[in-house]
Every structure is written in structure tokens, then in C-alpha cells.
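Note that this note's numbering gives residue 73 to position 88 of the sequence shown, counting from 1, and the numbers run on in steps of one. Everything on this sheet refers to the single structure shown next.
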Amino acid sequence: MVLSTGSASAAALLRVEVGAAIFNGRSLASGTVGIPDLWAGDTLLATCWNTGENLGHGNKWYLTVLEQYNRLDGLQLTVTGWTYAPFVDNSSAGTNGTLPHC
């Protein structure tokens, strides 16, 4: 599910389909930012996409600025980091023009 927050260059609220961690960079080696991983059904606010390490399903990553843990009573965190797009929405928002390239 994609909920656009405005213009084509605006951020998009994306529902996590598989589960994803928030990383410091666009690779596993960059390490996570230290917050809980997102699970299927949680949501994140992404501002743009870029390419990075291919973890087996493509190389798109979303710049993430807000995380909502629906499984944790709607807890919201505003930690900035990178999320592997194929695990969020199968890279749809980065492919269909919902999110701009960073």
C-alpha cells in the first residue's frame, strides 16, 4: 500500500510486506541504526530511493525517515536510515515514480 503525501517529489508512506531493518548506509556492512526491525504490516515514511548492495532481489534502497510499528501499539520513531526496498514493497515505489531518485 502506498499513500502519497503530496506532490511527486514528496515522501511516501509504505507498508512493509516482508520485514526490513534500517541501515546506516545502502549495504549490510554499514550496520543497522539500532532500532527494532520492521515486520510485515508495519509502515515507514520514505523520501527517495537510491541504489546500493544487491541482497538477491535487486539493488534499490529507500531513504527512510519515520518508522511506525503497528505490532507495537503504533509506536513511531523518527530515525533516518536506509531500508532495502524489495523487502518493503518489492521496490514498487522506486520503480513506478512514487518516490524520486535521491
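Glycine is no exception: its CB is placed at the ideal position from the N, C-alpha and C atoms.
Handout entry: beta strand (DSSP E) segment containing Gly66, residue limits
Key = By one-based count along the sequence shown, residue 66 stands at place 81. Element bounds for Gly66: 66 to 69.
Exercise for the section: Would you check if there are 3 or more beta carbon pairs closer than 8 angstroms linking the region 69 to 76 to the region 51 to 59? Expected result: no
Practice task
Measure the alpha-carbon distance for Cys87 versus Trp24 and round it to whole angstroms.
Solution key: Locating residue 87 in the sequence shown gives position 102, where the first residue counts as 1. Locating residue 24 in the sequence shown gives position 39, where the first residue counts as 1. Each residue's alpha carbon lies about 25 angstroms from the other.
Practice task
Compare the C-beta of Leu60 against all C-beta atoms of chain C and say whether one is closer than 8 angstroms.
Solution key: Among the protein chains of the structure shown there is no chain C, as only one such chain exists.
Practice task
In the DSSP assignment, find the unbroken alpha helix (DSSP H) run with Ala78 in it and report its ends.
Solution key: In the sequence shown, the residue the question calls residue 78 occupies position 93. Counting along the chain, the alpha helix (DSSP H) containing Ala78 begins and ends at 77 to 80.
Handout entry: Same chain only: Cβ atoms within 7 angstroms of Ala5, ignoring 5 sequence neighbours per side
Key = To locate residue 5, count along the sequence shown from 1; it is residue 20. Excluding sequence neighbours, Ala5 sits near Asp22, Leu23, Thr68, Tyr69, Phe72, Val73.
Practice task
Specify the secondary structure class of Ala14 as computed by DSSP and reduced to three states.
Solution key: In the sequence shown, the residue the question calls residue 14 occupies position 29. Three-state result, Ala14: helix.
Problem - Paired residues, beta bridge with Arg0 - DSSP - result: Numbered from its first residue, the sequence shown carries residue 0 at position 15. Answer by DSSP bridge pairing, in chain order: Thr28.
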